[in-house]
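Protein chains in written order, with numbering that gives the first Met the number 0: chain A, 0 to 256; chain B, 0 to 277.
Here the structure is laid out as structure tokens; the discussion comes afterwards.
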Amino acid sequence: MEFITLVGRVFVHFFEAAGRLGIFTSKTIYHCFTPPFYFKQILSQIIQIGFFSLPVVALTTLFAGMVIALQTYTGFARFSAEGAVSMVVLVAVTRELAPVMAGLMVAGRIGAAMAAEIGTMRVTEQIDALSTLSTNPFKYLIAPRVIAGILMLPVLVLIGDIIGIYGGYLIGVYKLDFNATSYLVNTWDFMKPMDIISGLVKASVFGFIITLLGCYNGFNSKGGAQGVGAATTNAVVSASILILIFNYILTELFFNT
Amino acid sequence: MPTTQKSLLKRTVDLLKGKEETPPMIKLTDVHKSFGKKVVLNGVNLEVQRGESVVIIGGSGTGKSVTLKCILGLLKPEKGSIIVDGTEVSDASAKVHEQINSKIGMLFQGAALFDSMSVWENVAFGLMQGKKMSRKEAYHIAIEKLAQVGLGEDVAHLDPADLSGGMKKRVGLARAIASSPDIIFFDEPTTGLDPIMSDIINELIVSCVKKLGATALTITHDMASARKIADKIAMLYDGKIIWVGTVKEIEKTKNPYVRQFIAGSANGPIQMAVKADE
Ligand SMILES: Nc1ncnc2c1ncn2[C@@H]1O[C@H](COP(=O)(O)OP(=O)(O)OP(=O)(O)O)[C@@H](O)[C@H]1O
Ligand SMILES: [Mg+2]
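Below, the structure written as structure tokens:
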């Protein structure tokens, strides 16, 4: 009997949380498309997300590209199919690795920072103060972050694509002794627009997930420093999980129909 | 400043007409608010007339700040009506609140300064965002308001994090009055200030009400401050307003709760929960 009440309670909590997130999401979308727009806030978030995340994204995609080249080579050598390395690197990086790596890295960097900043604003009543100064917190705080996330993640991923492929090229040419020109020509010939586009669409979705959950957790944080800490952890963990789930769903949609 | 003249004129007209005729600026009727099982407001009734300065007193944790937040729409009461300047706000939409709140200036108990902005930008925020004033113009007004709370131009460029508690409070006060609102809420304006600065702030509040014709609702524990700024004092106890009267009346009242509160005595009908078995 106790078990049943426990299960029931978990279910109720789950649907309550899902409902609250749903309302928050629809409010956010509404405020992203209705004026006033705070362009200065959007710009500063674009710099925060786009520019300052470049180093981590560049580093992770570089090494991801490198390790894929190495692993493909050792694996494919068994079937004497080493020539496929450049194509595998291309597909793996553009379709999966760059968007997922960038998504996870930005979730750790930006999602956490947003939850902490907005959470602190919540517990110190700064969000209340905003609304008393005739400024809608959704428009001033949340919409700019979400817009910047949707716009900037694809840019980061595009750069990550290039760097990741370059990482594969470095390993291919300097370690595995492929011919530099033919490696590049192979890559170029094999490239399909869909590989790149699917990665960029994924990136946009991830940008939305990261910023939305960062803002949601911060906005609803309770208590003092501890509440803000919990909000930060939740933002990163939930965004990371959702990124992996949506990555699968989007791959399914793009390549399996 | 034309707005000042207008509100002065309005106040004079109000006075000539006799105050009874004009509806109250703020009217709370039977307001209830609980958090979970904890009942905080249990039928609050309060009227604040136009151009009047009302002080709310009451023990710590009785719901004074919650009352202000209900009026501002930051918290939603479960029951009751709150009318601000003729508009029902207790179940109003965000748009209506935004419109009503543009007439209200609020000093938060913890100052609630934006820590991503400098001091002067905090003060000028409402002017630049709400009233679409240019940065330069807003800067001058911010400096002027900061001077009124005893802070110089050197402070204006600091970050809020670099200020002392009392300085933060005064910046919050400057921000609350920056856009010359019709209604001003002060949540413990003199807490954490030295006696001299407290008196300067008291005078500033009085001048906002008397000279600018604003309506003020102030929360304070400081009876000296209450006597100085209040036209009317209301006492909140156990979720209700149990007593309302003028400063003169409060000295003579026989109400045991009020007497204990203004005497600051531990003995009386008000029992604070300080025993473990409470
Ligand atoms: N957001 C909230 N969630 C839960 N409980 C709350 C919340 N805000 C206030 N309370 C509770 O409501 C009660 C009244 O709080 P309030 O801040 O109004 O007190 P106060 O009268 O302003 O006291 P003080 O003079 O100490 O500032 C407190 O018991 C507090 O615990
Ligand atoms: Mg309070």
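Idealized CB from N, CA, C, for every residue including glycine.
- Within chain B, the C-beta atoms nearer than 7 Å to that of residue 124 of chain A come from 107, 109 and 111, in chain order.
- With respect to chain B, the C-beta atom of residue 132 of chain A has a partner C-beta closer than 9 Å.
- Look at the region 87-112 of chain A: it has no residue with a C-beta under 8 Å from a C-beta of chain B.
- Judged by beta-carbon spacing, residue 124 of chain A lies within the 9 Å limit of residue 109 of chain B, meaning their Cβ atoms are closer than that value.
- No Cβ-Cβ contact shorter than 9 Å links residue 211 of chain B with residue 167 of chain B.
- Under the Cβ distance rule, residue 114 of chain B counts among the residues neighbouring chain A, one pair being separated by less than 9 Å.
- The contact set of residue 219 of chain A on chain B, defined by CB atoms closer than 7 Å, is empty, because the minimum CB distance reaches about 14 Å.
- Taking 9 Å as the threshold, the shortest C-beta distance from residue 103 of chain B to chain A falls below it.
- Around residue 71 of chain B, the beta-carbon contacts reaching into chain A at under 7 Å are 131.
- Contact annotation: residue 204 of chain B and residue 52 of chain B have beta-carbon atoms nearer than 9 Å.
- The DSSP-derived three-state label of residue 65 of chain A is helix.
- Judged by beta-carbon spacing, residue 206 of chain A lies within the 9 Å limit of residue 153 of chain A, meaning their Cβ atoms are closer than that value.
- Secondary structure note for residue 185 of chain B: its beta strand (DSSP E) is the uninterrupted segment 182-186.
- Here residue 255 of chain B is exposed, its C-beta having fewer than 16 other C-beta atoms within 10 Å.
- Under the 9 Å criterion on CB atoms, residue 185 of chain B is classed as non-interfacial with respect to chain A.
- Contact check for residue 195 of chain B against residue 54 of chain B fails: the beta carbons are separated by 9 Å or more.
- Residue side-chain check: residue 64 of chain B places its Cβ nearer than 8 Å to a non-hydrogen atom of ligand 2.
- Within the region 82-122 of chain B, the complete beta strand (DSSP E) segments at least 3 residues long are 103-106, listed from N- to C-terminus.
- At least one heavy atom of ligand 1 lies closer than 8 Å to the C-beta of residue 186 of chain B.
- Residue 13 of chain A carries a helical assignment under DSSP once its states are collapsed to helix, strand and coil.
- Around residue 127 of chain B, the same chain offers 137 as residues with beta carbons nearer than 6 Å, after the five sequence neighbours per side are excluded.
- In this structure, the CA atom of residue 97 of chain A is about 30 Å from the CA atom of residue 37 of chain A.
- Annotation for residue 82 of chain B: 26 place their beta carbon closer than 6 Å to its own, counting only its chain and skipping 5 residues before and after.
- Runs of the alpha helix (DSSP H) lying entirely within the region 63-144 of chain A and spanning at least 4 residues, in chain order: 84-90, 97-105, 111-122 and 125-131.
- Only residues of its own chain outside the window of five on either side were considered, and among them 45, 48, 49 and 206 have a CB closer than 7 Å to the CB of residue 151 of chain A, listed in chain order.
- Taking the Cβ atoms as the reference, residue 103 of chain B lies roughly 7 Å from residue 184 of chain B, within the contact range of under 8 Å.
- Interface with chain A (9 Å Cβ-Cβ cutoff): residue 152 of chain B is excluded.
- Per DSSP, residue 139 of chain B is one residue of the alpha helix (DSSP H) stretching across 134-147.
- Within 10 angstroms of the beta-carbon of residue 264 of chain B lie fewer than 16 other beta-carbons, which makes it exposed.
- Distance check between residue 23 of chain A and each of A:85, A:115, A:141 and A:106 places A:141 closest, using alpha-carbon atoms only.
- Taking a beta-carbon distance threshold of 9 Å, residue 215 of chain A does not count as an interface residue toward chain B.
- In this structure, ligand 1 has a non-hydrogen atom nearer than 8 Å to the beta-carbon of residue 108 of chain B.
- Per the coordinates, the alpha-carbon of residue 139 of chain A lies some 26 Å from the alpha-carbon of residue 143 of chain B.
- The DSSP-derived three-state label of residue 36 of chain A is coil.
- Closest by C-alpha distance to residue 29 of chain B, out of B:149, B:257, B:239 and B:266, is B:239.
- Contact between the region 9-17 of chain A and the region 109-127 of chain A is absent, with fewer than three C-beta pairs closer than 8 Å.
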